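Engineer:
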Amino acid sequence: MKILVLFLIVATFQLNAQNNLFQYNRTIFDDFGLSEEEIADYKSEGSLSIFNKEKHNSRLASKLFNLKVGQSIKLNKANKKKLTVLEKVNVEHYRLNYIFFDGSELEYEDIEKQRNKILQMAKTYSFPTLAQMYSMDMSKNRGGDSGWFKKRSVPQGFQDAALSSMRVANETFKVDLISENWYYLISKSYSPILIEEILVLETPL
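Residue numbers -17 to -1, 1 to 188, in mature numbering (1 follows the signal peptide of the UniProt record, and there is no 0), belong to the letters of the sequence shown in order.
(1) So what's S148 in DSSP terms, helix, strand or just coil?
(2) Is the stretch 126 to 140 close to the stretch 73 to 88, with three or more CB pairs under 8 Å?
(3) If you count every other CB in all the chains shown that lies within 10 Å of the CB of T186, and 16 or more means buried, which is it?
(4) Let's test the definition: count the other Cβ atoms within 10 Å of the Cβ of Q(-4) and tell me whether it reaches 16, buried, or not, exposed.
(5) CB V74 to CB E180, shorter than 8 Å?
(6) In this structure, how does DSSP classify K96 when only helix, strand and coil are distinguished?
(7) DSSP on L17, reduced to helix/strand/coil?
(8) Go ahead and label K96 buried or exposed: buried means 16 or more other beta carbons lie within 10 angstroms of its beta carbon, across all protein chains shown.
(9) Restricting to Cα atoms, I'd like to know which of R150, F110, R135 is closest to K123.
(10) Name the residue from S170, Q115, P138 whose alpha carbon lies nearest to the alpha carbon of A152.
Quick look at the structure:
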C-alpha cells in the first residue's frame, strides 16, 4: 500500500512538471481578441470552451467547426443546451520532443553529465528512445512528444531558447530555465503550423 501511494505521488509530481511547462501562461482567451469585459459577459451567460481542430475530432467538434461565427447547434438529449460559435482564429502552434531534468532532484553537474552523455548517444539512438530512457516527467511515455502548443503558453525563456527560427530542423540542443529549476534537451522535430480554434459558448435551453 505504501509503495502504491508513493508511486501515485511521484506520478502526480511528474505530470504536474510536464503540464506546468506548456500551461505556464494561462491567458487562454487572448488569441480571440476579446476584452476582459466581453469574456466576463459571456461567462455570465454560460460556460466558454475552446475547440482545437488537431486535438478535438469528435462528431460534435466536427459540427461546430462547420458552423460560421454566430451560428449555433442545439443538443436535446439528457443535458439540453445550445452551443454557439463566438470566434474563429488560426493560431500558430509548435511541437517538439524533449527530455526533462528536474533540478530539484539532481545537481546541475549531474544534469550536464547526463545531457552530454545523451547527446553522444543520439548519434546511435533515436531521440524518442532516449526520452523514454531518461526524461523525468510523464512525456517519456510518448517519447518526449510535447504535442501541439501555443508560443504564449510557455515561459519567455523557453520561447527564446527553444522556439527561435534560428533553430534548424532536427537540431538537438540544451535549454535551461534556471528560475524554475527545469532543464531540457530539445529536439526540433516539427515545423510550426497554423491550427484553427473556435471559441464556443454553452448555454442552457
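C-beta: ideal position from N, C-alpha, C; glycine also.
Source: prediction; values computed, not measured.
Structural biologist: Per the coordinate set shown:
(1) Three-state result, S148: coil.
(2) Note that the stretch 126 to 140 touches the stretch 73 to 88; at least 3 beta-carbon pairs, one per stretch, sit closer than 8 Å.
(3) Note on T186: under 16 other CB atoms within 10 angstroms of its CB, so exposed under the neighbour-count rule.
(4) Residue placement at Q(-4) cannot be trusted, given a pLDDT of 46 that sits under 50; what the coordinates show is reported in the next sentence. When all chains shown are included, Q(-4) counts as buried.
(5) Against a cut-off of 8 Å, the Cβ pair of E180 and V74 comes out as a contact.
(6) In the three-state reduction of the DSSP assignment, K96 falls in the helix class.
(7) Residue state, collapsed to three classes: coil.
(8) Exposed.
(9) K123 has its Cα closest to that of F110, out of R150, F110, R135.
(10) Ranking the options by Cα distance to A152, first place goes to S170.
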